[in-house]
Every structure is written in C-alpha cells, then in structure tokens.
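As structure tokens, the structure follows; a few thoughts come after it.
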Amino acid sequence: MGWSDPRKLSTESARANLLRNEALESIAKRLNLHRNEIEIIGEPNLGHFLSIGGLLGQSNRLIYSAIDRSEIIAISRTHESVELPVDLSGQISLVKLRASNPKVGDIFSLQLANGETGVSQNTGQLIESCNGALIACDATASGAHLQLPERWDTALFDARSWHGPSGLAILAIRNSKSWKNPLPHIGATRTPNSVSLPLTIAAAVALDAWCEEQNLVWEKVRELNEHLRNEIKKAIPDCDIAGQLDESLPHLISASFLYCEGEELLRLLDAAGFSVDSGSACTADDLQPSHVLSAMGVLTQGNVRITLPSDITRQIIDEFLEALVRAVTSLRKP
Amino acid sequence: MKSVNSLGARCPRPIIDIARALKDLQIGDEITLLADDPATWADLQAWARMTKNIAIKVKTCEFLITKRS
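Protein chains in written order, with this note's numbering: chain P, 11 to 344; chain X, 1425 to 1493.
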C-alpha cells in the first residue's frame, strides 16, 4: 500500500505520489524552505557533490574551510580552490577569507556547524566578507537546529541531524539559475531520483517530532552539556575540549585527554555501558588523526566525541563522568 | 643535546616519551624528538600549548622541544 513508484500512472502510484508530496511539503515547511526548492537524495555524501558541483563552473574557485567535511575537501582537489584556516575555537578566519579576494562566480562552502565538535560559524560576518560569491551551505550537522543564513544558493541537510533515517539528504536549491545538475543526465532531472519513499516519509515524521520537542528539550541538553564540560575540566587535568559551548550545537562535545590512547578509551567507556566515537588516529582506518581537530590545533590523542541524546539526564551525565575519570586515570597509569 | 627516539611508536607514545624526558631537564633546555606517527606534529603542538612548552618542526620526523615549564 502506497509504496508504488510515484512517477507511474496507477492508482497506487498516485497514492504514493500524494504521500511523497505531503512529506516534501512538511519537510520544506519545517526547514523554512519552499517545496519547489528541495530535492531528496538517497545518499548524503553525494549531496555535497550535487550542492557544490552544481554551482562550480570550469573557471570558478571553491573557497572552503579546513574543517569542512572530507567530501568537500575531495571536491576541492578537482578545482582551483582556497582553503581557509580556523582558529583554536574552530572559527573560520575572516582575515584569510577577505585575503582570498572572493568574487562573483566563486563558490564559498559554508559549514553552518561542525558535526564532530558542534562548533557553529558566525554566518553573517562570513557572508558579508565573501562579496558576491555563491554560497553552498553544509547544514548536514546543524539540521533544524540553526536557520539558514539570509543569503544562500544551495544547502544540504541530512535527516540524521533530526534523528531521521540514515541514507536520506535534502538538497535545497535557491539559485536555480546558477545551479546545473553536475551528473550526466538526460532531460530536466535535478537529482538521481532514487530515494526511498518510506525513508522520505520517516524523515518528515522525525522532523515534525524533532521540531515539536525542540524548545522543551534542547535548552535542557545545553545545560547538561555545560555541566559535563565544566565537570570534565574540574575532574581531569590535561584535557582539551574543542570549541566553546555558546557557539556550538547543544548536544555535541569533543574532548581529548593527554597521554591517553583513543581506542582504549573507547573500549573502557564501552565496557562501562557508554558508546562514544573518537577522532584519534588509532581509531581511524587510515591511522590519520581527525582533520578537524588538527586544523583547530586541538589535541587529537585520547579523543572522545560525545553526542547527548534528547532524553539525557543529570544522573546519566554524572555516571558517564565517573566512568570517564576512571578510564582516563587507568590509561595514564605508568 | 638530548634526543628521544619514538620512531615506529603510535600516538600517544611519542608525547608520553617526550613528557617523561622533560622531567629530567631544566627550564630552557632543548631536546629532540624523532617520531613518525602521522598524529605527532598535531599533538605535539597541542601538547606544547597545554603544557606551556615550545615545539618546533625541524624535519618531517624530527622536532625540537624547549622546556618552558
């Protein structure tokens, strides 16, 4: 029922098309976009290529930051490009952006918030400094947490950022005059159109639920995040927390501990019942440290990336802190 | 000048090695660290900032550390 191909003519297809349109209308409304501006993509990583590649001409430059996603850094290697450094707090250097002399036709990749550290950018100042360059927003981590800036040309969202299903991205195209489908295609298709209808509906429902609880929940999560950051600093010497909470997403923390191995730290926390991620080199397939932490100048060894769920409680935070102190102490023993 | 050889060791070992070696030095003393783990330079800079010492990259796998604290 309802999962037929929405592009066909049967009654079931018509029903599927109706469901699809309702889901897209709902997603667009929640993200403050127009329905005609959004396309659904089955592969979020491909979305970066569509978002930026659709704006890039042969002679245009891509201006991006050193903490952009690796998919964007990969695109930069195929075009003339400028990499902008960030400071210790993860903020893109305005001086370097101005010095890159952005001009009409250039593309500025603007990451609204970093998925690893949670650090968000001062988009107003950055856009003001990039003159007439086209703006490709990476909203895959910020999702519905942050509004898109006043001026943008394309934007990419990942349904996982509002606890929706994986394997589903939303590409928003505001400037359809400058954006051309960069994939080989016949006809007027803007995206591969291979997305699953059930996933699309699940993403719309998840976004509805996320937005309904947002005001009630995220302020509490931010307070608990602040509590955890403060307690980590008090309880564990030689720790390095990436970025400041007042310019970050409320639910993310990236903390590194001197003289600790990230992989062992993950194992000890896992054994204590806490599942976290790490940007340390020892946890990566290629044994390279996180390019985000390296670009910020933050310690990469003994790193844990903590994501606070919306139902997090003070008691869980305190239990986690206890487990973290125990794990770091045991790893630092000579 | 003293030297610490951490070639072949994975992070955080090179940073642990240099921190240990520094305990026997006086303020202003210099020491060389040899290390080839890809995370060494990034972590050495962060370690220097956090512990208020000075680290300079001399060659790809050679670093000069000055004790300041």
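Glycine included, each C-beta is placed from N, C-alpha and C at the ideal position.
Out of curiosity, what's the CA-to-CA distance linking serine 130 of chain P and leucine 255 of chain P?
Position 120 of the first sequence holds residue 130 of chain P. Position 245 of the first sequence holds residue 255 of chain P. Their Cα atoms are separated by approximately 10 Å.
By how many angstroms is the C-alpha of cysteine 221 of chain P removed from the C-alpha of arginine 40 of chain P?
Numbered from 1 along the first sequence, position 30 holds the residue referred to as residue 40 of chain P. Numbered from 1 along the first sequence, position 211 holds the residue referred to as residue 221 of chain P. Roughly 8 Å separates the two Cα atoms.
Any chance the CB of valine 231 of chain P is under 8 Å from a heavy atom of the ligand COA?
By its list of ligands, the structure shown contains no ligand whatsoever, and the ligand COA lies outside what it can speak to.
Quick check on arginine 239 of chain P: does DSSP put it in helix, strand or coil?
Along the first sequence, read from residue 1 onward, the residue named residue 239 of chain P stands at position 229. Of the three classes helix, strand and coil, the one that applies to arginine 239 of chain P here is helix, per DSSP.
Per the contact definition of three or more C-beta pairs closer than 8 Å, is the stretch 88 to 99 of chain P in contact with the stretch 71 to 78 of chain P?
yes
Alpha carbon to alpha carbon, how far is aspartate 321 of chain P from asparagine 235 of chain P? Give it in angstroms, no decimals.
Within the first sequence, the letter at position 225 stands for residue 235 of chain P. Within the first sequence, the letter at position 311 stands for residue 321 of chain P. Those two C-alpha atoms are separated by around 13 Å.
Near leucine 297 of chain P, which residues of its chain fall below 7 Å by C-beta distance, leaving aside the five closest residues on each side in sequence?
On the first sequence, residue 297 of chain P is found 287 positions in, with the first residue counted as 1. Once the five neighbours on either side are set aside, the close Cβ partners of leucine 297 of chain P are Ala291.
Using the rule of at least 16 other Cβ atoms within 10 Å of the residue's Cβ for burial, across every protein chain shown, is valine 314 of chain P buried or exposed?
Counting from 1 along the first sequence, the entry for residue 314 of chain P is found at position 304. Valine 314 of chain P should be labelled buried.
Determine, using beta carbons only, whether alanine 1433 of chain X comes closer than 9 Å to chain P.
Counting from 1 along the second sequence, the entry for residue 1433 of chain X is found at position 9. No, its Cβ sits nowhere closer than 9 Å to a Cβ of chain P.
Got a sec? Which residues, its chain only, sit under 7 Å from leucine 207 of chain P by beta carbon, not counting five neighbours each side?
Counting from one through the first sequence, the residue named residue 207 of chain P turns up at place 197. Same-chain partners within the cutoff: Trp13, Pro16, Ala26, Leu29, Arg30.
Rounded to a whole number of angstroms, what is the C-alpha to C-alpha distance between isoleucine 1440 of chain X and histidine 44 of chain P?
Position 16 of the second sequence, counted from the first residue, corresponds to residue 1440 of chain X. Position 34 of the first sequence, counted from the first residue, corresponds to residue 44 of chain P. Their Cα atoms are separated by approximately 55 Å.
Cutoff 7 Å; reference arginine 1492 of chain X; Cβ partners in own chain excluding five residues on either side
In the second sequence, counting from the first residue as 1, residue 1492 of chain X sits at position 68. Closer than 7 Å at Cβ, skipping near neighbours: Ile1451, Lys1476, Asn1477, Ile1478.
Using DSSP bridges, identify the partner residues of asparagine 1429 of chain X.
For this step, residue 1429 of chain X is matched to residue 5 along the second sequence. Answer is X:Leu1458, bridged to asparagine 1429 of chain X.
Listed from N- to C-terminal order along the chain, which residues in the stretch 325 to 339 of chain P have their beta-carbon within a distance smaller than 7 Å of any beta-carbon of chain X?
none
Closest to isoleucine 83 of chain P by C-alpha separation, out of P:His301, P:Gln68, P:Gln311, would be which residue?
Within the first sequence, residue 83 of chain P is the residue found at index 73, counting from 1. Selected option, being the one with the closest Cα: P:His301.
How many Å lie between proline 1438 of chain X and leucine 1449 of chain X at the Cα?
As a working mapping, residue 1438 of chain X is identified with position 14 in the second sequence. As a working mapping, residue 1449 of chain X is identified with position 25 in the second sequence. Looking at the two C-alpha atoms, the distance is approximately 17 Å.
What would DSSP say about arginine 315 of chain P, mapped onto helix, strand or coil?
As a working note, residue 315 of chain P is residue 305 in the first sequence. If DSSP states are grouped into helix, strand and coil, arginine 315 of chain P belongs with the strands.
Alpha carbons only, please: which of P:Glu229, P:Ala38, P:Leu66, P:Gly128 is nearest the one belonging to arginine 87 of chain P?
Sequence index remark: in the first sequence, residue 87 of chain P carries index 77 (1-based). Looking at the Cα atoms, P:Leu66 is the closest of the given residues.
Mind listing the chain P neighbours of isoleucine 1439 of chain X? Cutoff is C-beta to C-beta under 8 Å, in chain order.
The count along the second sequence starts at 1 and reaches residue 1439 of chain X at position 15. Result: Leu268, Tyr269, Gln311.
Please determine, among P:Cys249, P:Glu273, P:Glu257, the residue with the shortest C-alpha to C-alpha distance to phenylalanine 267 of chain P.
Translated into the one-based positions of the first sequence, residue 267 of chain P becomes position 257. That would be P:Cys249, whose Cα lies nearest to the Cα of phenylalanine 267 of chain P.
Based on the DSSP output, what are the partners of aspartate 287 of chain P in its beta bridges?
In the first sequence, the residue the question calls residue 287 of chain P occupies position 277. Note: aspartate 287 of chain P sits in a beta bridge opposite P:Arg315.
Does the CB of alanine 1445 of chain X have a neighbour CB from chain P at under 9 Å?
Locating residue 1445 of chain X in the second sequence gives position 21, where the first residue counts as 1. No, alanine 1445 of chain X does not count as interfacial toward chain P.
Sheet register partners of phenylalanine 267 of chain P (DSSP bridge):
Within the first sequence, numbered from 1, the residue matching residue 267 of chain P stands at position 257. P:Cys249, per the DSSP bridge assignment.
Residue of P:Ser80, P:Gln68, P:Ile37 minimising C-alpha distance to asparagine 55 of chain P
Position 45 of the first sequence, counted from the start, is the residue given in the question as residue 55 of chain P. Closest option to asparagine 55 of chain P, Cα to Cα, is P:Ser80.
Could you give the distance in angstroms between the alpha-carbon of phenylalanine 1487 of chain X and the alpha-carbon of lysine 1481 of chain X?
Locating residue 1487 of chain X in the second sequence gives position 63, counting from the first residue. Locating residue 1481 of chain X in the second sequence gives position 57, counting from the first residue. Computed Cα separation, rounded: 5 Å.
Can you say whether asparagine 46 of chain P is buried or exposed, counting buried as having 16 or more other CB atoms within 10 angstroms of its CB?
On the first sequence, position 36 is the one that residue 46 of chain P refers to. That one is exposed.
Please confirm whether serine 36 of chain P and aspartate 218 of chain P have their CB atoms less than 9 Å apart.
Looking up residue 36 of chain P in the first sequence gives position 26. Looking up residue 218 of chain P in the first sequence gives position 208. In contact: serine 36 of chain P and aspartate 218 of chain P (Cβ atoms closer than 9 Å).
With a threshold of 8 Å, are at least 3 pairs of Cβ atoms found where one atom belongs to the stretch 103 to 118 of chain P and the other to the stretch 136 to 145 of chain P?
yes
With the cut-off set at 9 Å, would you say leucine 107 of chain P and leucine 136 of chain P are in Cβ contact?
Locating residue 107 of chain P in the first sequence gives position 97, where the first residue counts as 1. Locating residue 136 of chain P in the first sequence gives position 126, where the first residue counts as 1. Yes, Cβ-Cβ distance for leucine 107 of chain P and leucine 136 of chain P is below 9 Å.
Please classify arginine 362 of chain P as buried or exposed, where buried requires at least 16 other C-beta atoms within 10 Å of its C-beta.
Only positions 11 to 344 of chain P appear in the structure, and residue 362 of chain P is not among them; the question remains open.
For glycine 272 of chain P and glycine 128 of chain P, which I take to be in contact (beta-carbon distance under 8 Å), what is that distance rounded to the nearest angstrom?
Along the first sequence, read from residue 1 onward, the residue named residue 272 of chain P stands at position 262. Along the first sequence, read from residue 1 onward, the residue named residue 128 of chain P stands at position 118. Wrong, their Cβ atoms sit about 18 Å apart, outside the cutoff.
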